[in-house]
Amino acid sequence: MTEYPQYAKQCAIAFALLVLTIVPTLAQGVPEGFIIHDSPRNVPQVTFEDASGAQRNLSAFTGKVVLLNLWATWCGPCRKEMPTLDRLQHQLGGPGFEVVALSVDHTGMDAVRKFYASIGIVNLAAYNDPTVRATGTLGTFGLPTTLLLNRAGAEIGRYIGPAEWDDQKMVAFIAARVKAESSDGAKGTSNP
1 MTEYPQYAKQ CAIAFALLVL TIVPTLAQGV PEGFIIHDSP RNVPQVTFED ASGAQRNLSA
61 FTGKVVLLNL WATWCGPCRK EMPTLDRLQH QLGGPGFEVV ALSVDHTGMD AVRKFYASIG
121 IVNLAAYNDP TVRATGTLGT FGLPTTLLLN RAGAEIGRYI GPAEWDDQKM VAFIAARVKA
181 ESSDGAKGTS NP
């Protein structure tokens with residue numbers, strides 16, 4: 001019988017450690033499925049085209065929190081989530097935040113323009129990587145994949161698969177990240 005109190009004590013310690021691990025995540029209001037990194041991760045530069053055909057890269061968005069969504073017009077789940085990204089951009093987009101929807105359609109910008117027009121996307125800028133190199137460079141192995149970048153351009157989290165980006169919990173979480181990054185000043189290095 002003397003072993004039971006020791007076992008109970010070990011269980012209590014394990015439970016306390018579990019609570020200490022879970023509670024900070026819950027307190028942040030992290031939506032289910034969102035992977036938040038312990039510390040920001042460097043993001044390799046990727047080059048892509050904007051709607052006018054000009055070459056762009058992620059450094060153009062330094063100073064903003066960015067939700068970088070990799071998608072394609074031929075990807076069914078991507079097509080379904082695109083209107084929610086458009087609504088998120090409408091709700092939160094501005095000087096401190098931007099949704100960057102980066103298509104990886106090798107057929108080019110015309111496919112993106114046609115798709116945007118067909119479903120009424122009006123708040124998202126059109127970007128395309130016809131080389132499809134962004135997926136490998138950013139370590140994405142399926143579409144859609146979405147990276148949350150801090151103001152310095154480092155990845156603070158990622159979401160693999162489709163999401164309801166205009167869901168109240170998701171909007172609140174992203175708005176809190178934007179606010180935290182803004183209060184961190186120009187450093188852009190705050191941890192989630």
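With the working numbering as the guide, the letters of the sequence shown map in order to residues 1 to 192.
By construction, the Cβ of each residue, glycine as well, lies at the ideal position given by its N, Cα and C atoms.
According to DSSP, what are the bridge partners of Phe34?
-> Here residue 34 corresponds to residue number 34 of the sequence shown, with the count starting at 1. According to DSSP, Phe34 bridges with Tyr159.
Out of curiosity, what's the CA-to-CA distance linking Ala163 and Glu81?
-> Numbered from 1 along the sequence shown, position 163 holds the residue referred to as residue 163. Numbered from 1 along the sequence shown, position 81 holds the residue referred to as residue 81. Between Ala163 and Glu81, the C-alpha separation is close to 6 Å.
To the nearest angstrom, how far is it from the Cα of Pro44 to the Cα of Gly157?
-> Translated into positions along the sequence shown, residue 44 becomes position 44. Translated into positions along the sequence shown, residue 157 becomes position 157. In a straight line, the C-alpha of Pro44 is about 15 Å away from that of Gly157.
Does the separation of the CB atoms of Thr145 and Phe115 fall below 7 Å?
-> As a position in the sequence shown, residue 145 is number 145, starting the count at 1. As a position in the sequence shown, residue 115 is number 115, starting the count at 1. Contact flag unset, no.
Pro192 versus Asp110 - alpha carbon distance = The residue labelled residue 192 in the question sits at position 192 within the sequence shown. The residue labelled residue 110 in the question sits at position 110 within the sequence shown. With a pLDDT of only 41 at Pro192, under the threshold of 50, the placement of this residue in the model should not be trusted; the figure read from the coordinates follows. Rounded to the nearest angstrom, the two C-alpha atoms are 37 Å apart.
Between the region 125-141 and the region 27-41, are three or more C-beta pairs nearer than 8 Å?
-> no
So, is Thr47 buried or exposed, given that buried needs 16 or more other C-beta atoms within 10 angstroms?
-> Position 47 of the sequence shown, counted from the first residue, corresponds to residue 47. Exposed: under 16 other Cβ atoms inside 10 Å.
Span of the alpha helix (DSSP H), counted from its first residue to its last, around Ala180 = For the purposes of this step, residue 180 is taken as the residue at position 180 of the sequence shown. Residues Gln168 to Ser183.
Ignore the nearest five residues each way along the sequence and tell me which others in Leu143's own chain have a CB closer than 8 Å to its CB.
-> As a working mapping, residue 143 is identified with position 143 in the sequence shown. These residues qualify, in order along the chain: Leu70, Trp71, Ala72, Cys75, Pro77, Cys78, Val104 and Thr135.
Selected residue, minimal CA-CA separation from Leu149, among Arg56, Leu92, Thr140 and Leu68 | Position 149 of the sequence shown, counted from the first residue, corresponds to residue 149. Of the listed residues, the one whose Cα sits closest to Leu149 is Leu68.
Phe34 versus Val178: straight-line alpha-carbon distance, rounded = Your numbering for residue 34 matches position 34 in the sequence shown. Your numbering for residue 178 matches position 178 in the sequence shown. If I take the Cα positions, the gap works out to 16 Å.
Arg151 in three-state terms, based on DSSP | Position 151 of the sequence shown holds residue 151. Arg151: coil per DSSP, three-state reduction.
Nearest candidate by alpha-carbon position, reference Ala101, set Thr107, Glu49 and Ala180 = Along the sequence shown, read from residue 1 onward, the residue named residue 101 stands at position 101. Per the Cα distances, Glu49.
Spell out the partners DSSP gives Leu48 in its beta bridges.
-> Translated into the one-based positions of the sequence shown, residue 48 becomes position 48. It is Phe, not Leu, that sits at residue 48 in the sequence shown. Answer is Arg56, bridged to Phe48.
Simplified DSSP state of Val43, which is helix, strand or coil = Taking the first residue of the sequence shown as position 1, residue 43 is located at position 43. Three-state DSSP puts Val43 in coil, outside helix and strand.
Beta-carbon contacts of Gly29 that lie in its chain and below 8 Å, excluding the five residues immediately before and after | As a working mapping, residue 29 is identified with position 29 in the sequence shown. These residues qualify, in order along the chain: Lys169, Ala172, Phe173 and Ala176.
Under three-state DSSP, which class holds Leu68?
-> Taking the sequence shown and counting its residues from 1, the one referred to as residue 68 is at position 68. In this structure, Leu68 counts as strand in the three-state DSSP scheme.
Closer than 8 Å by C-beta to Gln91: which residues in its own chain qualify, once you throw out the five before and the five after it? Chain order, please.
-> Translated into positions along the sequence shown, residue 91 becomes position 91. Within the same chain, Gln91 has close Cβ partners Asp166 and Val171.
Output yes or no for whether 7 Å exceeds the beta carbon distance between Gly63 and Arg151.
-> Along the sequence shown, one-based indexing puts residue 63 at 63. Along the sequence shown, one-based indexing puts residue 151 at 151. Result yes, Cβ atoms of Gly63 and Arg151 sit closer than 7 Å.
Glu32: which of Gly139, Tyr159 and Ser183 sits nearest, CA to CA?
-> Position 32 of the sequence shown, counting from 1, holds the residue named residue 32. Per the Cα distances, Tyr159.
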